[in-house]
Structures are given as structure tokens and as C-alpha cells.
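Novice: Residue numbers for the sequence shown follow the working numbering, so the first one is 23 and each next one is one higher.
For glycine and all other residues, C-beta sits at the position ideal for the given N, C-alpha and C.
This structure is a prediction, so every number in the text was calculated from the model and none was measured.
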Amino acid sequence: WERHDRPARCPLPAWDLAAAQQQFGAWRTQFERDMQPYLGEPTEALWQSQARAGRSIDGTVVPASRASAALIAMTTAPDAFAEEVGMSGQVAPSAVLARLLRLLRTAEVSGRGGLYREPVPALEATCAQVWYLRMPGTAANGPVAATDTFVRGGAPFITVQQQGGRIRLAGLSRELVEVLLAPAASD
């Protein structure tokens, strides 16, 4: 008897922290540009009209992903977004996206947690990788697991879809959302 494993549908490229940090920096710059129209008080209609006008965020966010749903919710229904993660009333609703952008502006990639084991079959094809983030100025700077080891309850992370030398946001971790919604000294 010989064991023949199926080839991985989502192969992981070799990990290079410096290259990941460069990809993250390039992505962050474009993501911040993409988010500018949504910093006021956007509606779902604005999200739809921006997409129809060719100004979608598909270059930086995986369409129909956890990330796109979270971004729409945090900008159009921030109270419901906060309640969904059990942190209602923790931050001014209009400030959620702006605060996310501020956090990401200083964040650094600190490791990779391998492939995100997606429990929703419709999202499995995203092949999202876990990228841990170090977030200066926050309490969320604990140790990062060994490369390609996924650990919950530790460092905040994003999930990304990597294509060539570019990444797109696939999801925001509960750990990152907790940092995002936690009261800050300036709130």
C-alpha cells in the first residue's frame, strides 16, 4: 500500500519576511487610496456606485470575501459591526475605517501562519494566507508563532490572497478587530 496525497490546491510560496513587508507596504498604500471615498459616512449605494464607475476595490480586496463584507459593514453599519464581535459602544462609529487605516499605517508583517483553514466552502478557493502583524503603540504585540503555524488568541493578523508579487486582503482577524475597536487614549 502506498499513500498518495492529493496535491495541495493552495500551495504556499517560500516565505520571505522582507519581501512580504514590501508587498504589504505597496498594498497598504493602494488600499488607503481605495478607501478614501468611504471615510465620510458612506452607504451601500456608494459602494455600489463606486464599483459601477470602475472605482472598485478589487485590486486590494478579494471580492465577496470576509474582508469586503467587513469593510462594507464597518462603514455602513458600524454599530452592527461592533456588536457582531461583541464590542458595541467601544469606539465612535464614524471613526472605525479611519482607525483601521491608522493602525495599518504603522503595522509591520511579523510572520506567516500558513493557509487559513476556511470553514465556509464558498470561500475556500481564496487560498488565504495568515499574515501576523506587529502593531506599534498597541497592546497587541505578543510573540508570533513559528512560520506557517496558525495560532488564535495571539498576535493580530490579516488574511491575504497572494498572486505573484501582489496581495489582496481576504479577511481581518478577530484579534485585529479587537485592537481596532478597543478604546484608545485619544477616543
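Compare the Cα-Cα distances from W153 to each of R127, S78, L194, P141 and report the closest residue.
Specialist: Comparing Cα-Cα distances from W153 to each of R127, S78, L194, P141, the minimum goes to L194.
Novice: Between the alpha carbons of Y60 and E66, how many angstroms are there, rounded?
Specialist: Each residue's Cα considered, the two are about 10 Å apart.
Novice: Taking L203 as the reference, which of A168, R190, V173, A120 has the closest Cα?
Specialist: Taking only the C-alpha atoms, the option nearest L203 is A120.
Novice: So what's L198 in DSSP terms, helix, strand or just coil?
Specialist: Three-state DSSP puts L198 in a helix.
Novice: P33 to Q185, Cα distance in whole Å?
Specialist: Cα-Cα distance, rounded: 12 Å.
Novice: Per DSSP, what kind of secondary structure is G108 in: helix, strand or coil?
Specialist: Correct three-state label for G108: coil.
Novice: To which residues of the same chain is H26 closer than 8 Å at the C-beta, ignoring the five residues directly before and after it?
Specialist: Confidence is the limiting factor: at H26 the pLDDT is only 39, short of 50, which leaves the residue's position unreliable, though a coordinate-based value still follows. Closer than 8 Å at the Cβ level, and outside the excluded window around H26, lies no residue.
Novice: With G133 as the anchor, note down where its beta strand (DSSP E) starts and where it stops.
Specialist: 130-137 is the extent of the beta strand (DSSP E) around G133.
Novice: One question on the structure: do A192 and A89 come within less than 8 Å of each other, judged by their Cβ atoms?
Specialist: Contact: yes.
Novice: Take Y138 and list the residues in its own chain whose beta-carbon comes closer than 6 Å to its own, dropping the five residues that flank it on each side.
Specialist: Here the set comprises A150, V152, T181.
Novice: Taking the alpha-carbon of L125 as reference, which of S87, L155, G108 has the nearest alpha-carbon?
Specialist: Among S87, L155, G108, the Cα nearest to that of L125 belongs to L155.
Novice: For A42, count the other beta carbons within 10 Å of its own beta carbon; 16 or more makes it buried, fewer makes it exposed. Which is it?
Specialist: It is buried - the Cβ of A42 has at least 16 other Cβ atoms within 10 Å.
Novice: Taking buried to mean at least 16 other C-beta atoms within 10 Å of its own C-beta, is V201 buried or exposed?
Specialist: So V201 counts as buried.
Novice: Decide if the stretch 95-112 is in contact with the stretch 132-148; the criterion is three or more beta carbon pairs, one per stretch, under 8 Å apart.
Specialist: No contact exists between the stretch 95-112 and the stretch 132-148.
Novice: Can you find the residues in the same chain that come closer than 8 Å, C-beta to C-beta, to A48, ignoring five residues on each side of it along the sequence?
Specialist: Closer than 8 Å at the Cβ level, and outside the excluded window around A48, lie R188.
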